[in-house]
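Scroll down for the structure; my scribbles are underneath it.
Residue numbers (our numbering): 260 to 473.
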């Protein structure tokens, strides 16, 4: 799959994430292992940081994080007529449980509370939500394990793919240690050279939703 910042016209899904440029970069490397004929549209600012205020009004929101990124469903449905979405967020943004927090947000933005969610993997979900008169499909992957962030998966991939053990006592330390190991372009090399088996072991929820496009 190719991850693009400009709307190419024919896309498998729009990527919604409350996290920053690192997610774009890492997803771009990861997606290359999946269906090469598909495109994922990863919008740039200001689209990615817009919230709905009232009916069909847009306002910049630089503090969009976690499940609040799903507010953009209404914007992209109205602006591009797109109906398929890929939602990614780190587990650190989960307050209750992944499915409960996801359902709470879908109920909030849906029309008359019309939505359904099914579990695909431990923290990967497929949802159908009615927004206005349209049915939207949302594939969600909650990323992270011990320290509830994407660096959990990168640390696991370092171990499975290269045999490098990264240890840490906190999320901050893990991010710092992973960044030190993967400096100078080695992150790209690690992900691009990884086997599908090791990607699945390291990023089970993300692998699950990306596989659905194949």
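Backbone N, C-alpha and C fix where the C-beta goes; we use that ideal spot for every residue, glycine too.
message = What residue range does the alpha helix (DSSP H) around residue 293 cover?
response = It is not in any alpha helix (DSSP H) - residue 293 carries neither H nor E in the DSSP assignment.
query = With distances taken between CB atoms, is the gap from residue 226 to residue 284 smaller than 9 Å?
reply = Residue coverage of the chain in this structure runs from 260 to 473, which leaves residue 226 outside it and unanswerable.
ask   = Exposed or buried, residue 348, counting other C-beta atoms within 10 Å across all chains shown (16 or more means buried)?
value = Residue 348 comes out buried.
ask   = Which two residues bound the contiguous alpha helix (DSSP H) that contains residue 373?
value = From DSSP, residue 373 is part of no alpha helix (DSSP H); its letter is neither H nor E.
message = Taking the straight line between their C-alpha atoms, what separation do you get for residue 316 and residue 335?
response = Interpretation of residue 316 is limited by its pLDDT of 39, a score under 50 that renders its predicted location unreliable; no figure is taken from the coordinates.
ask   = With a cut-off of 8 Å, do at least 3 Cβ pairs link the stretch 372-389 to the stretch 450-460?
value = Fewer than three beta-carbon pairs drawn from the stretch 372-389 and the stretch 450-460 are found closer than 8 Å, and the two stretches are therefore not classed as touching.
task = Pick helix, strand or coil for residue 419, following the three-state DSSP scheme.
result = Residue state, collapsed to three classes: helix.
ask   = Taking residue 263 as the reference, which of 416, 298, 381 and 473 has the closest Cα?
value = Per the Cα distances, 298.
message = For a quick check, are the C-beta atoms of residue 471 and residue 365 less than 9 Å apart?
response = No, the pair does not count as a contact, with Cβ atoms beyond the cut-off.
ask   = Thinking C-alpha only, which one of 368, 415, 442 and 431 is nearest residue 351?
value = Cα-wise, what sits closest to residue 351 is 431.
ask   = When the Cβ atoms of the stretch 326-346 are set against those of the stretch 267-274, are three or more pairs found closer than 8 Å?
value = Under the Cβ criterion (8 Å, minimum of three pairs), the stretch 326-346 counts as touching the stretch 267-274.
ask   = Helix, strand or coil for residue 327 per DSSP?
value = It is helical.
ask   = Does the separation of the CB atoms of residue 411 and residue 402 fall below 9 Å?
value = Contact: yes.
inquiry  = I'd like to check one pair, residue 399 with residue 361: are the Cβ atoms closer than 9 Å?
reply    = Residue 361 places its beta carbon less than 9 Å from that of residue 399.
query = Based on Cα-Cα distance, which residue from 268, 384 and 467 lies nearest to residue 338?
reply = Closest option to residue 338, judged by alpha-carbon separation, among 268, 384 and 467: 268.
message = I need the DSSP call for residue 266, collapsed to helix, strand or coil.
response = Note: residue 266 maps to coil in three-state DSSP.
task = State the start and end residues of the unbroken alpha helix (DSSP H) segment that holds residue 452.
result = 445-452 is the span of the alpha helix (DSSP H), which, as asked, contains residue 452.
key: Proximity below 9 Å, CB of residue 333 to CB of residue 368   = Cβ distance < 9 Å, so residue 333 and residue 368 count as in contact.
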